[in-house]
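Below is one structure, written out as C-alpha cells; the observations come after it.
2 protein chains.
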Amino acid sequence: MVTLRDVARQAGVSAKTVSRVVNDDPAVNAETRDAILAVIRRLDYVPDHAARMMRAGTSSVVGLMTDVVATTPYSVDIVRGAQDSLRRDRRTLLIANTEGDADLERDVWRMFRAHKVSGVVYATMYHRPLDLGDPEFGGAIVLANCFSPRGRFPAIVPDDEHGGYTQAAHLLALGHRRIGIVSLNPVLRASVLRGAGFRTAFAEVGVPFDPELDRPGFVGPIESERIVAYEAGRDLLSRPDRPTAIICGNDKIAMQIYAAAASLGLSIPQDLSVMGYDDMTVIAETLRPALTTVGLPYFEIGRRAIETLSAGTPGAKAGIEPPVLVPCPLVERQSCRAIDG
Amino acid sequence: MVTLRDVARQAGVSAKTVSRVVNDDPAVNAETRDAILAVIRRLDYVPDHAARMMRAGTSSVVGLMTDVVATTPYSVDIVRGAQDSLRRDRRTLLIANTEGDADLERDVWRMFRAHKVSGVVYATMYHRPLDLGDPEFGGAIVLANCFSPRGRFPAIVPDDEHGGYTQAAHLLALGHRRIGIVSLNPVLRASVLRGAGFRTAFAEVGVPFDPELDRPGFVGPIESERIVAYEAGRDLLSRPDRPTAIICGNDKIAMQIYAAAASLGLSIPQDLSVMGYDDMTVIAETLRPALTTVGLPYFEIGRRAIETLSAGTPGAKAGIEPPVLVPCPLVERQSCRAIDG
DNA sequence: CTGAAAGCGCTAACAG
DNA sequence: CTGTTAGCGCTTTCAG
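Residue numbers (this note's numbering), protein chains in the order written: chain A, 1 to 341; chain B, 342 to 682.
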C-alpha cells in the first residue's frame with residue numbers, strides 16, 4: 001500500500017507538505033505542489049480514509065437510514081438524490097435498512113457512531129410523521145419524506161397539498177366541472193393534505209365539492225390495505241351524471257380506473273380524463289393512453305436532505321421548525337383532454 | 342467521546358483486556374468480562390471504527406457499486422438482499438452509483454480503496470455482460486445481475502432460461518397448445534435465454550414452436566426502446582386461430598396485453614391466459630385479475646453475492662467460472678386458467 | 001512556505 | 001488469563 005510517506009520520500013519533501021497538497025491547503029508553492037501531484041498520480045496514491053478519520057474525528061461519510069423500501073419502489077430515488085448531492089464534495093453514503101425494527105434501528109445508530117458519520121438522513125418510504133425518540137448521536141440529523149411531530153429535526157417532505165391542488169387545477173383549467181376522486185387510504189397524511197388542495201382549487205373556480213364523487217381507492221389498515229379502485233371507478237362511472245374526469249390518489253388507482261372505464265365501454269381521454277399521482281413510470285408510460293400524473297419529487301427530496309445536512313446545525317433543534325415542502329410537478333401525458341364548454 | 346481507555350480505567354483493567362472483550366476473545370476470565378461489559382453498557386462505549394480499521398488494514402464495510410437504478414425500480418432489492426446478509430455479522434454497505442459513467446466509476450474504485458472495503462459487489466440493473474477492465478482493487482469482487490465475458494469474476498445472475506421454461510411449462514400444463522409470445526427487446530440477453538427455455542418446454546410436450554406467434558413487445562435501441570406490446574397483442578388476438586394464452590417478456594407487456602384483450606372484448610382468464618415476468622408488484626397486484634408471473638430474484642441475488650464475497654477468493658480468478666444461476670420462481674395469481682380438453 | 005514531533009484509538013506481538 | 005510496548009497513516013500543533 002502506498003502511503004503519504006512514500007509520496008513524501010519520492011518527492012523529496014516532508015509528509016506534512018504532501019498532506020497539505022492532498023487537502024488543498026493553498027499555502028504550498030505551486031511548483032512543489034505540481035511535483036507532488038505528479039508523484040501522487042504516478043504512484044496512484046489514495047489517502048487512507050481510516051487514518052484521516054481518526055485524526056479529524058469525523059468522516060466524509062453520511063449515514064442513510066431507511067425503513068421499508070420494497071412497497072414503493074421509486075422512493076429509492078431519495079438515495080440517488082442524496083448521492084448526487086454528496087458526489088460533488090466527494091463524500092459517500094453508508095446505508096442501512098431498519099425494516100421498521102426498533103432494535104435494529106438502535107444498532108444502526110451505534111454503527112453510525114462507530115463510523116463517525118458526519119450526519120444522518122432518515123428516509124421513510126411513505127410521507128409520514130416519525131418519532132425518532134432520542135438517538136444517541138452527536139451529528140446533524142435530517143428527515144426525508146417524514147417529519148418529527150414537534151419539528152425537532154429539519155425535515156424535507158413532498159408538498160402533497162399543493163400536489164392535490166395541481167391535480168384539480170389542471171382538470172378545472174381544461175374545463176372539467178364534474179370531477180370524481182378516488183383517493184388514497186384515508187388514514188394517510190397525504191390523503192388529507194391533498195383533499196385540502198382539491199378544495200382550494202374547486203373554491204377558486206366556484207365549483208362545489210361533491211362528497212358523493214369522493215371515494216377511497218384503498219381500504220383497511222395500511223399494512224394490509226386492499227385496493228378497491230376498480231369498484232369505486234365503476235360506481236362513479238355508472239352514475240347518470242357521471243364525472244368527466246377522475247383524480248386518482250396514485251398511479252395504481254389510475255390503472256384500475258382505466259380498467260373500469262374499459263369495462264363500461266368508455267374511452268380515455270375522449271369520454272373520461274384521468275389524473276394520476278406518483279409518476280411511477282412503469283405504470284404511467286405503459287398505460288394507453290400514457291397517464292398524465294403528478295410526480296413525487298423523491299430525487300429532489302434526497303438532494304435537499306443532504307444540502308440541509310451540510311448547511312446544518314448539529315443535533316436536535318429546540319424550536320419548532322416546519323418541514324420544507326418540495327413541489328410535486330405536473331407530468332403531462334395523454335390521459336386528460338379539454339372539454340368543450 | 343468514550344474510548345477503550347475510559348472503559349479500562351473504570352473497570353480497573355488494561356486497555357488490551359477491554360479490547361479482548363470487545364473482540365470476543367475467549368481468553369478472558371468470565372467475571373472480568375462481565376464487569377467490563379457492564380462498564381461498556383453504562384458508558385455506552387462504541388468502538389471507533391476508524392482506529393480499528395487502521396490496525397486491521399481492512400474494514401467491515403463492503404462496497405456496492407450500481408449502474409443505473411431508476412428504470413427498473415425493483416432491482417434495488419439487490420441492495421436489500423445484500424444488507425440482509427451483511428447484517429448478520431454486523432457489516433455494512435458503502436454504496437455508490439456510477440450512472441454508467443466511466444470516470445465516476447474510476448473514482449468509486451479509488452474511494453473504495455480509501456475506505457479499505459473488504460470486498461465489492463458490482464450490480465447492474467439489467468441482466469447483462471459487463472467488462473470491468475482491470476480495477477485497481479485488492480479485495481474480492483462479485484458481479485450481481487451481470488457477468489464478465491471470460492468469467493474472470495464470480496457472478497450471480499437470474500436463470501432466465503429456466504424462467505422462460507417455467508412460463509411455458511405452466512401454460513402447457515394447464516392445457517394450452519396455441520401460445521403467443523410477446524417478448525422483450527430482442528437485443529437483450531434475457532430475451533434469447535428465455536426463448537431457449539420456451540423451446541425446451543414446447544419440445545417436451547411435442548408442441549411445435551410457431552414463429553408466427555412470437556412478436557417483440559419492445560423495439561428500437563435499448564436506451565430509447567418503444568413499447569409496442571399493445572399492437573402486437575391486438576395483432577395476435579385478431580387472428581382467426583388466436584392463441585389461448587400469451588407469454589409476456591415482462592409485466593409491462595402483460596399490462597398492455599390486458600388492454601389489448603379488453604379492446605377486443607376478450608376477458609382474462611376466460612378467453613385468454615396471460616403470463617408475466619418480473620413480478621413488479623405495483624403492476625401484478627393491481628391488474629385485474631391479478632397477474633400470474635415469474636419473479637426476478639433480486640433479493641436472493643444480492644444475498645448470494647455477499648455470501649460469495651465472504652467465501653471468496655480475492656482478486657480476479659484465472660480460470661473460467663460460469664455464473665451462478667438463481668431460479669426465477671413462478672408467482673401464481675389469477676390470470677391463467679386451465680382449458681378443457 | 002516548509003518541517004519535526006506528537007498523538008488520534010485501537011490491536012499485534014510479546015512478555016509476565 | 002492479563003499487561004506493556006509499539007505503531008498503523010495521517011494531521012495538528014508549533015517552530016523554523
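Even glycine gets a Cβ: it sits at the ideal position worked out from N, Cα and C.
Coil, strand or helix - D408 of chain B by DSSP: coil
Pull up the DSSP beta-bridge partners for G441 of chain B, would you. For G441 of chain B, which the question treats as bridged, DSSP gives no partner whatsoever.
Beta carbon of A349 of chain A, beta carbon of V324 of chain A: below 9 Å? Since the first and last residues shown for chain A are 1 and 341, residue 349 of chain A lies out of range.
Under the three-state reduction of DSSP, which class applies to T281 of chain A: helix, strand or coil? helix
Collapsed DSSP secondary structure at A657 of chain B in the structure displayed: For A657 of chain B, the predicted model reports a pLDDT of 48, less than 50, meaning its position is unreliable and no value from the coordinates is stated.
Check whether chain B comes within 9 Å of G315 of chain A, counting only Cβ atoms and requiring the distance to be less than that. Unreliable placement is indicated for G315 of chain A, whose pLDDT of 47 sits below 50; no coordinate value is reported for it.
Span separating the alpha-carbon of F147 of chain A from that of P129 of chain A: 5 Å
Would you say S676 of chain B lies against chain A (beta-carbon separation less than 9 Å)? no
Beta-ladder partner(s) of C487 of chain B, from DSSP: B:R469
Since I believe K252 of chain A is in contact with V623 of chain B (beta carbons under 8 Å), could you give me their beta-carbon distance rounded to a whole number of angstroms? 6 Å
Over the uninterrupted alpha helix (DSSP H) stretch that includes D375 of chain B, give me the two end residues. A371 to L384
H127 of chain A versus N145 of chain A: straight-line alpha-carbon distance, rounded: 5 Å
Whose C-alpha, out of A:L132, A:S75 and A:P158, is nearest the C-alpha of A102 of chain A? A:L132
Going along chain A in order, which residues have a C-beta closer than 8 Å to the C-beta of D389 of chain B? M54, A114 and K116
Give a yes or no on whether the minimum CB-CB distance between D251 of chain A and chain B is below 9 Å. yes
Per DSSP, the bridge partner or partners of H555 of chain B: Sequence inspection shows Asp at residue 555 of chain B; the His mentioned does not correspond to that position. Partner(s): B:I522.
Under the three-state DSSP convention, the category G460 of chain B falls into: strand
Anticipated Cβ contact below 8 Å, M406 of chain B with A379 of chain B, distance rounded: That pair is no contact at about 42 Å.
Identity of the residue in A:I339, A:M1 and A:I222 nearest G175 of chain A by Cα: A:I339
Apply the 10 Å Cβ neighbour rule to E300 of chain A and answer buried if 16 or more other Cβ atoms are within range, or exposed otherwise. buried
With a Cβ-Cβ cutoff of 9 Å, do L484 of chain B and V449 of chain B count as a contact? no
Should V13 of chain A be labelled buried (16 or more other beta-carbon atoms within 10 Å of its own) or exposed? buried
I141 of chain A to T58 of chain A span [Cα, whole Å]: 15 Å
Please go through the same chain and pick out, in chain order, the residues whose beta-carbon is closer than 6 Å to the beta-carbon of R42 of chain A, but skip the five residues on each side of it. none
Which chain A residues sit within Cβ distance under 9 Å of R346 of chain B? Result: empty, since nearest Cβ-Cβ is about 15 Å, beyond 9 Å.
Would you say E477 of chain B reaches chain A, if we count a Cβ-Cβ gap shorter than 9 Å as a contact? yes
Residues within the segment 91-102 of chain A neighbouring chain B, beta-carbon criterion of under 9 Å: T92, L93, L94, I95, A96, N97 and E99
Let me know the secondary structure DSSP gives G265 of chain A once reduced to three states. coil
Taking buried to mean at least 16 other C-beta atoms within 10 Å of its own C-beta, is Q675 of chain B buried or exposed? exposed
How would you label A601 of chain B, buried or exposed, when you count the other beta carbons within 10 angstroms and need 16 or more for buried? buried
Tell me the DSSP secondary structure of P158 of chain A in three-state form. strand
Does any residue of chain B have a CB that is nearer than 9 Å to the CB of I283 of chain A? yes
Quick one: does G57 of chain A have its CB under 9 Å from some CB of chain B? yes
Provide the residue span of the beta strand (DSSP E) that contains V326 of chain A, from first to last. V324 to V326
Same chain only: Cβ atoms within 6 Å of V672 of chain B, ignoring 5 sequence neighbours per side: D620, T634 and G636
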